[in-house]
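As structure tokens, the structure follows; a few thoughts come after it.
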Amino acid sequence: MTIELGQGTGPLRGLKVVEIAGIGPGPHACMILADLGADVIRVERPGGQALAGGATMLLNRGRPSVALNLKDPEAAKVVLDLVKDADVLVEGMRPGVCERLGIGPDDCHAVNPKLVYGRMTGWGQDGPLAQAAGHDMNYIAITGALFGLGQDKSRPHFPTNLVGDFGGGSTYLVIGILAAVIKARESGSGCAMEIAQSDAAAAFDWYRSESFKAYERPESEVTGNAADGYERRAPAIAGMRGGVRYQLYASADGHVLFMASEQHFWKSFCAAVDRSDMFERWPGSEYGDHARGNREMQAELTEIFRGRTTAEWVQFGIDVDVPIAPVNTPQNLQDDPQFAARFSWIP
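Just so we're aligned: 48 in this note's numbering is position 38 of the sequence shown, and the numbers increase by one with no gaps anywhere.
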């Protein structure tokens, strides 16, 4: 199978991209590449994506798709056939998944040494959270960026998914892909490159560190850019502002971000805390009712989350496969085990 050329009209006309379909930053990055003229073909799961709708369809614009069950060994042959004359492959699976499916970097470079293999992950290929579930705001919670958003300096607020999915995700992925394509054309050798949303979001937000320090000083001493700080800034008004299953909760010693928006995450959580009755009373839809919430359920969850420390909840999320992340402050984020394992900061 080959990718038909000539569809694009922008500066990337002729660039051939294979997209392993996902949600969030991967599709957004490929949308940008297609908007710039690249020829992109999406490899979709049969039946389409689990999360569909207007916003999702917008992210999928400008490129044809082919349906493949990647768990079928024959599907890998089709993907590798597509890769043979491609410039770029983009995937957003958890670490190790593409290797198990037979379409990892080594498999693809065996048929196309010049390929740029672009990986979009949440936590990166290594570190204690590498295999943990996550969503965009889990990744910015751990960076300290979430702590500085909103008016109330005692509690972080939701910034929508702009900082994690798109600011720390697709933006950096597109930049990395284009840089790698230039290098591949110069050297004749491709590469595997990865953007972890947690790493990129930390870099994306680091210039505001001085403003975060305003929290530590009396308001009368706040000067310069920090005077425009987050205490006085109204929170963003948009969707994804929080609900029962998409919410920040106080732990025994701090805060955690709980993002069991998908039904299977919510069901797993309820069972793991021995509260299957909550799932039975409010199973929700596949994506969850973020906007309305449920006061009774939120009160119950508030009490549940107070019963464990932040570290205990993070480990719980890893063990049960539910998106839970610590809400770090700028003062403690460099000591977080995930960043320590990935050498995100060099003294």
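Think of the CB as a built atom: it goes at the ideal place given N, C-alpha and C, for glycine as much as any other residue.
The structure presented is a predicted model; accordingly, all values stated were derived computationally and were not measured.
Between which two residues does the alpha helix (DSSP H) holding residue i run?
{"i": "residue 267", "result": "Here residue 267 belongs to no alpha helix (DSSP H); instead the beta strand (DSSP E) covers 265–269."}
{"i": "residue 43", "result": "35–45"}
{"i": "residue 288", "result": "286–291"}
{"i": "residue 110", "result": "107–111"}
{"i": "residue 275", "result": "273–282"}
{"i": "residue 83", "result": "83–93"}
Under a three-way DSSP split, which group does residue i fall into?
{"i": "residue 257", "result": "strand"}
{"i": "residue 75", "result": "strand"}
{"i": "residue 100", "result": "strand"}
{"i": "residue 123", "result": "coil"}
{"i": "residue 143", "result": "coil"}
{"i": "residue 319", "result": "coil"}
{"i": "residue 151", "result": "helix"}
{"i": "residue 345", "result": "helix"}
{"i": "residue 27", "result": "strand"}
{"i": "residue 340", "result": "coil"}
{"i": "residue 335", "result": "strand"}
{"i": "residue 114", "result": "coil"}
{"i": "residue 32", "result": "coil"}
Use the C-beta contact count for residue i: other C-beta atoms within 10 angstroms, 16 or more gives buried, fewer gives exposed.
{"i": "residue 249", "result": "The predicted model places residue 249 with a pLDDT of 31, which falls under 50 and marks its position as unreliable, so this point remains unresolved."}
{"i": "residue 185", "result": "exposed"}
{"i": "residue 209", "result": "buried"}
{"i": "residue 274", "result": "exposed"}
{"i": "residue 290", "result": "exposed"}
{"i": "residue 39", "result": "buried"}
{"i": "residue 279", "result": "buried"}
{"i": "residue 239", "result": "With a pLDDT of only 38 at residue 239, under 50, the local geometry of the prediction cannot be trusted, and the value read off the model is given with reservation. Buried, since its Cβ has 16 or more Cβ neighbours within 10 Å."}
{"i": "residue 71", "result": "exposed"}
{"i": "residue 306", "result": "exposed"}
{"i": "residue 180", "result": "buried"}
{"i": "residue 109", "result": "exposed"}
{"i": "residue 154", "result": "buried"}
{"i": "residue 271", "result": "buried"}
Can you name the start and end residues of the beta strand (DSSP E) that residue i belongs to?
{"i": "residue 307", "result": "Looking at the DSSP string, residue 307 is not in any beta strand (DSSP E); the run it does join, the alpha helix (DSSP H), is 305–315."}
{"i": "residue 49", "result": "49–54"}
Pick out whichever of the options has its Cα sitting closest to the Cα of residue i.
{"i": "residue 188", "options": "147, 283, 200", "result": "200"}
{"i": "residue 28", "options": "206, 76, 134", "result": "76"}
{"i": "residue 128", "options": "105, 146, 148", "result": "105"}
{"i": "residue 195", "options": "156, 126, 279, 54", "result": "126"}
{"i": "residue 262", "options": "183, 329, 281, 324", "result": "324"}
{"i": "residue 206", "options": "178, 114, 191, 108", "result": "178"}
{"i": "residue 84", "options": "113, 73, 97", "result": "113"}
{"i": "residue 34", "options": "151, 265, 101, 142", "result": "101"}
{"i": "residue 321", "options": "282, 197, 152", "result": "152"}
{"i": "residue 192", "options": "269, 97, 270, 175", "result": "97"}
Using a Cβ-Cβ distance cut-off of 8 Å, determine whether residue i contacts chain C.
{"i": "residue 175", "result": "Chain labels in this structure do not include chain C; a single protein chain is all it has."}
Item checked: Ranges of the alpha helix (DSSP H) found wholly within the region 175–212, counting only runs of at least 4 -> 181–197
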